[in-house]
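Trainee: Numbers given in the working numbering equal positions in the sequence shown, counted from 1, plus 389. In this text, a Cβ means the ideal position worked out from N, Cα and C, and glycines have one as well. Here the structure is a predicted model, which is why all the values come from computation and not from measurement.
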Amino acid sequence: MSRAFLLILLFLQITVGVKASYLIIPMDESQTNHLKAYGITYWVLQKELPVDWLLNYRGGSFMMKYLQSIENELIVRNVSYEVISDAESNQIFEMISSPASNTDIMKLEKYPTIAVYSPKSKQPWDDAVTLALTYAEIPYETVFDDEVIYGELPLYDWLHLHHEDFTGQYGKFYSMYRSYPWYIKQQQEYEASAKKHGFEKVSQLKLAIATNIRDFVAGGGFLFAMCSATDTYDIALAGQNVDMIEGMFDGDAADPMSQKKLDFSQTFAFENF
């Protein structure tokens, strides 16, 4: 093998190494599939490979060491990415670390185990959280009253809540949908679950669920809530020592002074409602 050929081969190896040192997954307007981008980042963490989360840099982009297998997966999932050199990655690190820049780097090394609090009978398209996670190809498990009451929440890192009514009023759909089969079925399922776990009312069961979730968060768990889960959660906690539910939901009249008896010291985020 000639000396010239060896030099050319060495040059090509160095060039490839320079050009393919890091992969960056932008999360700004240049990204064609943001949900899938989160999914591929989760997939990389599952491979026990570290990821740098570039906070406030191009929409919160992700950067990782270049591997052909990762690039192949990015292509398969149609996620926008860029291949950058060591020099370019160093420039990004320097810019982010500058005191004048409102940016930071979070090192991700462990993929979270995710649970979604959702009724087993609910159709997949009824829950925006499960729709998003499924599309992003991020694995999750569904939990509901049984799993929470049995103390299984500490098995997970993240808990997601969608449109659950923790006050036991079934989302206040009574006036319009009380005669609909789906409403009747849901009420029957909730009442059976309450009885199964030793509660006289659905509102009492849901309060127990809310307090278990509160303890989960106090123990270091992450909680993401959306839709009615955000406000009914705090309403249930604030009203834990008073009957604020009308008879059509729990069989007896609400305390007429319930509004004045709410305890806002028990809530997560809201007060004076």
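(1) Would you kindly work out how many angstroms separate the C-alpha atoms of valine 591 and threonine 430, rounded to a whole number?
(2) Taking only the alpha-carbon atoms, compute the straight-line gap between asparagine 461 and tyrosine 470 and give it to the nearest angstrom.
(3) For glutamate 553, does the count of other Cβ atoms within 10 angstroms reach 16, so buried, or fall short, so exposed?
(4) Drop a sphere of 10 angstroms on the beta-carbon of glycine 557, count the other beta-carbons inside from all chains shown, and report buried for 16 or more, exposed for fewer.
(5) Helix, strand or coil for threonine 527, going by three-state DSSP, please let me know.
(6) Can you have a look at isoleucine 573 and say buried or exposed, based on whether 16 or more other CB atoms are within 10 angstroms of its CB?
(7) Is it true that the segment 540-552 meets the segment 442-453, where meeting means three or more beta-carbon pairs spaced less than 8 Å apart?
(8) If I follow the unbroken beta strand (DSSP E) through isoleucine 503, where does it start and stop?
(9) By a C-beta neighbour count over all protein chains shown, 10 Å radius and 16 as the cutoff for buried, is proline 415 buried or exposed?
(10) Quick one: any contact between the segment 417-424 and the segment 487-495, if contact means 3 or more CB pairs under 8 Å?
(11) Between the C-alpha atoms of valine 440 and glycine 636, what's the straight-line distance to the nearest angstrom?
(12) Please work out which residues of its chain come closer than 6 Å, Cβ to Cβ, to phenylalanine 394, disregarding the five sequence neighbours upstream and downstream, and give them in chain order.
(13) Considering only their Cβ atoms, is the gap separating leucine 596 from alanine 583 smaller than 8 Å?
(14) According to DSSP, simplified to helix, strand and coil, what is aspartate 639?
(15) Could you spell out the range, first to last residue, of the beta strand (DSSP E) harbouring histidine 549?
(16) Among Asp546, Ser510, Phe638 and Leu626, which one has its Cα closest to the Cα of glutamate 660?
Mentor: Working from what's here:
(1) Taking the sequence shown and counting its residues from 1, the one referred to as residue 591 is at position 202. Taking the sequence shown and counting its residues from 1, the one referred to as residue 430 is at position 41. Approximately 39 Å between the Cα atoms of the pair.
(2) Locating residue 461 in the sequence shown gives position 72, where the first residue counts as 1. Locating residue 470 in the sequence shown gives position 81, where the first residue counts as 1. When rounded, the distance between both Cα atoms is 11 Å.
(3) As a position in the sequence shown, residue 553 is number 164, starting the count at 1. By the neighbour-count definition (other C-beta atoms within 10 Å, threshold 16), glutamate 553 is a buried residue.
(4) For the purposes of this step, residue 557 is identified with residue 168 of the sequence shown, where counting begins at 1. Around the beta carbon of glycine 557, 16 or more other beta carbons lie within 10 angstroms, which makes this residue buried.
(5) Looking up residue 527 in the sequence shown gives position 138. According to the sequence as given, residue 527 is isoleucine; it is not threonine. Coil.
(6) Taking the first residue of the sequence shown as 1, we reach residue 573 at position 184. With fewer than 16 other Cβ atoms within 10 Å, it is exposed.
(7) Here the segment 540-552 makes no contact with the segment 442-453; the two share fewer than three CB pairs at distances below 8 Å.
(8) Counting from 1 along the sequence shown, the entry for residue 503 is found at position 114. Counted as a single uninterrupted DSSP element, the beta strand (DSSP E) harbouring isoleucine 503 occupies residues 503-506.
(9) Counting from 1 along the sequence shown, the entry for residue 415 is found at position 26. Flag for proline 415 reads buried.
(10) With the cut-off at 8 Å, the segment 417-424 and the segment 487-495 do not touch.
(11) The residue given as residue 440 occupies position 51 in the sequence shown. The residue given as residue 636 occupies position 247 in the sequence shown. Computed Cα separation, rounded: 53 Å.
(12) Position 5 of the sequence shown, counted from the start, is the residue given in the question as residue 394. With a pLDDT of 45 at phenylalanine 394, under the threshold of 50, the modelled position of that residue is not reliable, and no figure is offered here.
(13) One-based indexing of the sequence shown puts residue 583 at position 194. One-based indexing of the sequence shown puts residue 596 at position 207. Contact flag unset, no.
(14) Locating residue 639 in the sequence shown gives position 250, where the first residue counts as 1. Three-state result, aspartate 639: helix.
(15) The sequence position of residue 549 within the sequence shown is 160, counting from 1. That run of the beta strand (DSSP E) goes 547-550.
(16) Translated into the one-based positions of the sequence shown, residue 660 becomes position 271. When only C-alpha atoms are compared, the closest one is Leu626.
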